[in-house]
Structures are given as structure tokens and as C-alpha cells.
Amino acid sequence: MVDTVEKRVYELVKPWNGRSWLTLKMPPLNGDTSLNQTMNMDEEEAQDLLDEIFTEFNLRHSDLDFSIYFPAKNRKDAKPLTINMLIESARAGRWLYN
4 MVDTVEKRVY
14 ELVKPWNGRS
24 WLTLKMPPLN
34 GDTSLNQTMN
44 MDEEEAQDLL
54 DEIFTEFNLR
64 HSDLDFSIYF
74 PAKNRKDAKP
84 LTINMLIESA
94 RAGRWLYN
């Protein structure tokens with residue numbers, strides 16, 4: 004059963020889910036979908052989306068170390084920033100990861 008927090012997070016993420024250049028299809032969203040790897044969001048897009056989510060659920064921006072998910076030097080070193088992480092943090096009322 005999907006709760007209201009999970010539903011709302013998906014509603015906020017969905018508009019940012021772009022079409023694949025190869026297939027022209029939108030990839031399906033699930034809890035393991037990552038903003039930085041699966042959705043291939045750039046840093047600015049992710050910051051805008053996270054700002055919406057953090058504002059909506061009253062999370063402190065300062066608790067998130069953005070550089071873990073969007074490192075300045077080598078993007079291959081990035082940890083996945085998943086929808087499940089957003090949902091669990093929204094439920095908890097604080098950022099749970101880093």
C-alpha cells in the first residue's frame with residue numbers, strides 16, 4: 004500500500020523523469036531509481052528537485068552532503084541518490100543518509 008508521503012514524492016519526481024534519447028520512452032520510476040544515475044539528472048536539476056522535496060517535507064538542506072551524490076571531480080564516484088532515500092527521509096522528517 005502506498006502512503007501519502009510516498010505518493011507525493013513520486014508526484015514531485017515524475018515531471019523530472021525525461022525520455023531516453025535512444026528509445027524515446029520514459030524509464031519507469033521505482034524506489035531504486037536514482038536521480039543522478041538512472042535519471043541522469045545534472046547537478047542543477049537535482050538541486051531544484053531536492054529543494055522542492057525538502058521544502059514540502061520540512062527537511063533541512065544542510066543535512067544533505069550534496070557532494071556525495073554529485074562529486075565535483077569524478078561523477079563515477081557518486082553514490083546513487085534514490086527515490087527510496089527521499090521517501091524514507093520525508094517519512095522521518097530529516098535527511099537519513101550520507
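In the numbering used here, the protein residues as written are 4 to 101. The beta-carbon is built from N, C-alpha and C at its ideal position, and this holds for glycine as well.
query	result
Under the three-state reduction of DSSP, which class applies to Thr85: helix, strand or coil?	strand
Taking the C-alpha atoms as reference points, what is the distance between Asn20 and Asp66?	25 Å
Looking at Leu99 and Leu38, is the spacing between their C-beta atoms short of 8 Å?	no
For Thr58, tell me which candidate among Glu14, Ala93, Lys10, Thr7 has the shortest Cα-Cα distance.	Ala93
Near Asp80, what residues of its chain come up, given a Cβ to Cβ distance below 8 Å and the 5 sequence neighbours on each side ignored?	Pro74
Please determine, among His64, Met29, Asp45, the residue with the shortest C-alpha to C-alpha distance to Leu89.	His64
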